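**Q** Starting off with a structure, shown below.
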Amino acid sequence: MAEYKVDRKIDIRGEVCPYTFVKSKLAIEDLKSGQILEVIVDHAPATENVPRSLGSEGHKVLEVVKIDEHEWRIVIQKA
Amino acid sequence: MVKVNVKFSVMFKDATGTTATTIDVSGETVKDLIDALIKQFGPKFGERILDEKTGGVRRFINIFVNGKDIRNLQGSDTKLEEGADVRLIPAVAGGKEFFGLTQDQIVRYSRQIILREVGGKGQKKLMRSSVLIVGAGGLGSPASLYLTAAGIGKIGIIDSDRVDLSNLQRQILHTNDDIDRPKIESAKEKLQKINPEVKIITHNERFAVENALDIVGDWDFVLDGSDNFPTKFLINDACVLKRVPFSHGGVLRFVGMTTTILPGKGPCYRCLTPEAPPTGMIPTCQEAGVLGAVPGVIGAIQATETIKYLIGSGELLVGRTLFFDALEMRFEEFELKRSPNCPACGDRPLIKDLSQVDYGHVCEVRF
Numbered sequence: 012m013a014e015y016k017v018d019r020k021i022d023i024r025g026e027v028c029p030y031t032f033v034k035s036k037l038a039i040e041d042l043k044s045g046q047i048l049e050v051i052v053d054h055a056p057a058t059e060n061v062p063r064s065l066g067s068e069g070h071k072v073l074e075v076v077k078i079d080e081h082e083w084r085i086v087i088q089k090a
Numbered sequence: 104m105v106k107v108n109v110k111f112s113v114m115f116k117d118a119t120g121t122t123a124t125t126i127d128v129s130g131e132t133v134k135d136l137i138d139a140l141i142k143q144f145g146p147k148f149g150e151r152i153l154d155e156k157t158g159g160v161r162r163f164i165n166i167f168v169n170g171k172d173i174r175n176l177q178g179s180d181t182k183l184e185e186g187a188d189v190r191l192i193p194a195v196a197g198g199k200e201f202f203g204l205t206q207d208q209i210v211r212y213s214r215q216i217i218l219r220e221v222g223g224k225g226q227k228k229l230m231r232s233s234v235l236i237v238g239a240g241g242l243g244s245p246a247s248l249y250l251t252a253a254g255i256g257k258i259g260i261i262d263s264d265r266v267d268l269s270n271l272q273r274q275i276l277h278t279n280d281d282i283d284r285p286k287i288e289s290a291k292e293k294l295q296k297i298n299p300e301v302k303i304i305t306h307n308e309r310f311a312v313e314n315a316l317d318i319v320g321d322w323d324f325v326l327d328g329s330d331n332f333p334t335k336f337l338i339n340d341a342c343v344l345k346r347v348p349f350s351h352g353g354v355l356r357f358v359g360m361t362t363t364i365l366p367g368k369g370p371c372y373r374c375l376t377p378e379a380p381p382t383g384m385i386p387t388c389q390e391a392g393v394l395g396a397v398p399g400v401i402g403a404i405q406a407t408e409t410i411k412y413l414i415g416s417g418e419l420l421v422g423r424t425l426f427f428d429a430l431e432m433r434f435e436e437f438e439l440k441r442s443p444n445c446p447a448c449g450d451r452p453l454i455k456d457l458s459q460v461d462y463g464h465v466c467e468v469r470f
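Those sequence lines, one after another, are chains F and Y. The letter at position 39 of the first sequence is residue 50 when you use this note's numbering, and the numbering goes up by one with no holes. The letter at position 145 of the second sequence is residue 248 when you use this note's numbering, and the numbering goes up by one with no holes.
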């Protein structure tokens with residue numbers, strides 16, 4: 012697991028799709044280009060949907076890591 | 104006795120210490136589960152989840168059993184099966200904001216926030232914007248419905264008519280029960296039901312030479328939903344003088360047309376039609392008829408243009424006139440150039456104030 016200097020972290024456990032993406036998008040809009048967002052989710056489909064959707068908006072997905080039984084960390088760098 | 108899996112929103116974590124648990128319920132309903140959870144997590148959790156007045160679950164807490172909202176099942180009497188998945192998620196209206204939007208706003212506008220061209224930034228722009236709609240009729244109905252639903256901050260509607268039975272074939276804001284009511288009253292009621300967040304300002308008066316400049320000056324964008332040439336020219340001239348962008352729209356029989364005017368950055372309606380046709384030359388909808396869905400199409404395009412202008416995305420219908428022919432089912436586009444001789448926006452405009460123009464008759468400019 013690589014270590015990144017995270018500029019903003021959002022814990023959106025309890026959220027389901029598409030709100031996992033909507034909230035991640037709101038958070039990343041608030042960052043500057045090159046800054047890093049960490050998103051914690053507990054909704055399994057979000058581990059694919061959030062990186063795919065943010066990736067298609069041009070942001071760089073740095074990692075998607077399982078951190079607990081039902082929890083994942085998604086790390087994204089703003090384009 | 105059933106065993107169920109419960110997931111909490113992270114917002115309960117301070118009371119529960121966890122976001123998930125598996126619990127034995129000595130009963131079989133959601134109410135029994137709540138009792139069991141309060142027993143396990145203590146009174147602090149109970150305070151968070153129960154309404155002190157009614158003793159029931161607080162209204163803003165949504166409970167889902169196997170993905171279904173219990174409000175659509177049997178409420179707190181909903182039966183729980185062995186192994187059921189239950190989620191407790193508070194709807195945070197107002198109060199707690201997430202990057203400038205409430206939980207309700209995030210859900211309500213999610214389908215357009217997802218769009219790359221809108222996003223949270225575009226949504227917030229819409230929420231700070233104001234749009235005046237002239238006429239709550241065939242064009243104003245669909246336009247106001249979509250703009251209200253999209254979350255424009257403030258919407259103004261000006262119309263002095265009352266709802267008539269013959270309006271209902273196309274003016275989809277109004278219903279049978281509204282006949283004889285002022286249109287703006289009927290409109291406001293419907294729009295507020297669709298989106299109570301939008302501020303609706305109503306003017307129960309005609310859009311006229313006396314009030315036009317004062318009224319348009321207050322808005323970011325104007326949408327022409329009027330049904331007669333004098334008003335269309337008046338909207339054009341007032342918006343050009345005040346430099347307020349607007350969407351022009353018109354319909355008759357099976358055809359419609361629309362263009363978007365940014366004063367100072369493109370042609371205006373008088374560049375296309377310097378003067379109104381003499382009275383009687385072009386029939387009105389009253390005489391010629393109109394298919395109700397035609398203003399539906401044009402009004403929806405006008406609302407789309409309004410939103411695009413406000414969020415600053417895409418190509419507007421500036422310098423282009425779009426014609427819609429419903430019988431042939433064809434859209435055609437024509438170039439529209441700014442005329443140096445235009446009486447409103449030309450190099451030496453003749454219209455310097457609205458009192459020069461006789462809008463009551465043929466919209467001629469008097470010299």
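We put the beta carbon where it would ideally sit given N, CA and C, even for glycine. Predicted, not measured: the structure shown is a model, and the values here were computed from it.
Nearest CA to the CA of residue 230 of chain Y: which residue from Y/190, Y/339, Y/209?
**A** It is Y/209 whose Cα lies nearest to the Cα of residue 230 of chain Y.
**Q** Can you pull out the residues from the stretch 104 to 128 of chain Y whose beta carbon lies closer than 9 Å to at least one beta carbon of chain C?
**A** Annotation note: the requested chain C is absent from the structure, which comprises protein chains F and Y.
**Q** Can you give the Cα-Cα distance for residue 138 of chain Y and residue 227 of chain Y, rounded to whole angstroms?
**A** Cα-Cα distance, rounded: 41 Å.
**Q** Across which residues does DSSP place residue 396 of chain Y in a beta bridge pair?
**A** DSSP, once it has assigned bridges, lists no residue as partnering residue 396 of chain Y.
**Q** At a cut of 8 Å, does the stretch 417 to 432 of chain Y reach the stretch 342 to 362 of chain Y through at least three beta carbon pairs?
**A** Yes, the stretch 417 to 432 of chain Y touches the stretch 342 to 362 of chain Y.
**Q** Could you check the C-alpha separation between residue 251 of chain Y and residue 289 of chain Y for me, to the nearest Å?
**A** Cα to Cα, the separation comes out at about 14 Å.
**Q** Going by DSSP, what residue range makes up the beta strand (DSSP E) through residue 84 of chain F?
**A** Counting along the chain, the beta strand (DSSP E) containing residue 84 of chain F begins and ends at 82 to 88.
**Q** Is residue 36 of chain F helix, strand or coil when you go by DSSP?
**A** If DSSP states are grouped into helix, strand and coil, residue 36 of chain F belongs with the helices.
**Q** Out of Y/132, Y/129, Y/257, Y/108, state which residue places its alpha-carbon closest to the alpha-carbon of residue 121 of chain Y.
**A** Nearest of Y/132, Y/129, Y/257, Y/108 to residue 121 of chain Y, Cα basis: Y/108.
**Q** If I'm right that residue 259 of chain Y touches residue 322 of chain Y with Cβ under 8 Å, what's the distance once you round it to whole angstroms?
**A** Confirmed, Cβ separation roughly 6 Å.
**Q** Taking the straight line between their C-alpha atoms, what separation do you get for residue 453 of chain Y and residue 446 of chain Y?
**A** The alpha-carbon atoms of residue 453 of chain Y and residue 446 of chain Y are separated by roughly 5 Å.
**Q** To the nearest angstrom, how far is it from the Cα of residue 197 of chain Y to the Cα of residue 450 of chain Y?
**A** At residue 197 of chain Y the pLDDT is 39, less than 50, meaning the model places this residue with poor confidence; the figure from the coordinates comes in the next sentence. Those two C-alpha atoms are separated by around 50 Å.
**Q** Could you name the residues of the same chain whose beta carbon sits closer than 7 Å to that of residue 124 of chain Y, not counting the 5 residues immediately before and after it, in chain order?
**A** Result list for residue 124 of chain Y: 109, in chain order.
**Q** Using a Cβ cut-off of 9 Å, which residues of the stretch 35 to 49 of chain F contact any Cβ in chain Y, in chain order?
**A** Those residues of the stretch 35 to 49 of chain F that come within reach of chain Y (Cβ to Cβ, closer than 9 Å) are 36, 37, 38, 40, 41.
**Q** How about residue 238 of chain Y and residue 350 of chain Y: are their beta carbons less than 7 Å apart?
**A** For residue 238 of chain Y and residue 350 of chain Y, no; Cβs fall outside 7 Å.
**Q** At the level of alpha carbons, what is the spacing between residue 195 of chain Y and residue 188 of chain Y?
**A** Because the pLDDT at residue 195 of chain Y is just 47, under 50, the model does not fix this residue reliably, and the point stays unresolved.
**Q** List in chain order: all unbroken beta strand (DSSP E) runs of 3+ residues lying wholly within the stretch 335 to 388 of chain Y.
**A** The qualifying runs are 349 to 355, 358 to 364.
**Q** Strictly under 7 Å for the Cβ-Cβ distance: is residue 197 of chain Y near chain F by that measure?
**A** Note that residue 197 of chain Y scores a pLDDT of 39, beneath 50, so its modelled location is shaky; the value from the coordinates is reported in the next line. So, not an interface residue.
**Q** Per DSSP, residue 305 of chain Y forms a beta bridge with which residues?
**A** In the DSSP output, where bridge partners are listed per residue, residue 305 of chain Y has Y/260.
**Q** Can you give the beta carbon distance from residue 440 of chain Y to residue 370 of chain Y, rounded, assuming they're within the 8 Å contact cut?
**A** 6 Å between Cβ atoms; contact.
**Q** Alpha carbons only, please: which of Y/343, Y/276, Y/111 is nearest the one belonging to residue 297 of chain Y?
**A** Taking only the C-alpha atoms, the option nearest residue 297 of chain Y is Y/276.
**Q** Once you ignore the five residues that flank residue 73 of chain F on each side, which residues in its own chain have a CB closer than 8 Å to its CB?
**A** Result list for residue 73 of chain F: 13, 15, 47, 86, 87, 88, in chain order.
**Q** Could you name the residues of the same chain whose beta carbon sits closer than 6 Å to that of residue 50 of chain F, not counting the 5 residues immediately before and after it, in chain order?
**A** Here the set comprises 21, 35, 85.
**Q** Would residue 62 of chain F pass as an interface residue toward chain Y - the criterion being a Cβ-Cβ separation below 7 Å?
**A** With 7 Å as the cut-off, residue 62 of chain F does not count as an interface residue toward chain Y.
**Q** Between the stretch 68 to 79 of chain F and chain Y, which residues of the former have a C-beta closer than 8 Å to a C-beta of the latter?
**A** The residues in question are 68.
**Q** Spatial neighbours of residue 269 of chain Y within its chain, please: C-beta separation below 6 Å, excluding the five flanking residues on both sides.
**A** Answer for residue 269 of chain Y: no residue qualifies.
**Q** Counting only the same chain and skipping the five closest in sequence on each side, list residues whose C-beta sits under 7 Å from that of residue 27 of chain F.
**A** Contacts found: 54.
**Q** Of the residues Y/253, Y/186, Y/241, which one's Cα is nearest the Cα of residue 407 of chain Y?
**A** Closest by alpha carbon: Y/253.
**Q** Chain Y beta carbons: is any one of them nearer than 7 Å to that of residue 29 of chain F?
**A** So yes, residue 29 of chain F belongs to the interface.
**Q** Please say whether residue 366 of chain Y and residue 343 of chain Y have beta carbons closer to each other than 7 Å?
**A** Contact: yes.
**Q** So if DSSP puts residue 174 of chain Y in a beta bridge, which residue, or which two residues, is it bridged to?
**A** According to DSSP, residue 174 of chain Y bridges with nothing at all.
**Q** For residue 352 of chain Y, count neighbouring Cβ atoms within 10 angstroms of its own Cβ and tell me buried if that reaches 16, exposed if not.
**A** By the neighbour-count rule (16 or more Cβ atoms within 10 Å), residue 352 of chain Y is buried.
**Q** Can you give me the C-alpha to C-alpha distance between residue 278 of chain Y and residue 396 of chain Y, rounded to a whole angstrom?
**A** Distance between the alpha carbons of residue 278 of chain Y and residue 396 of chain Y: 16 Å.
**Q** CB of residue 124 of chain Y to nearest heavy atom of the ligand PLP: below 6 Å?
**A** What this structure holds is no ligand at all, so the ligand PLP is not there to describe.
**Q** Considering only residues of the same chain and omitting the five flanking positions on each side of residue 17 of chain F, which have a CB-CB separation below 6 Å?
**A** Answer for residue 17 of chain F: 47, 49, listed in chain order.
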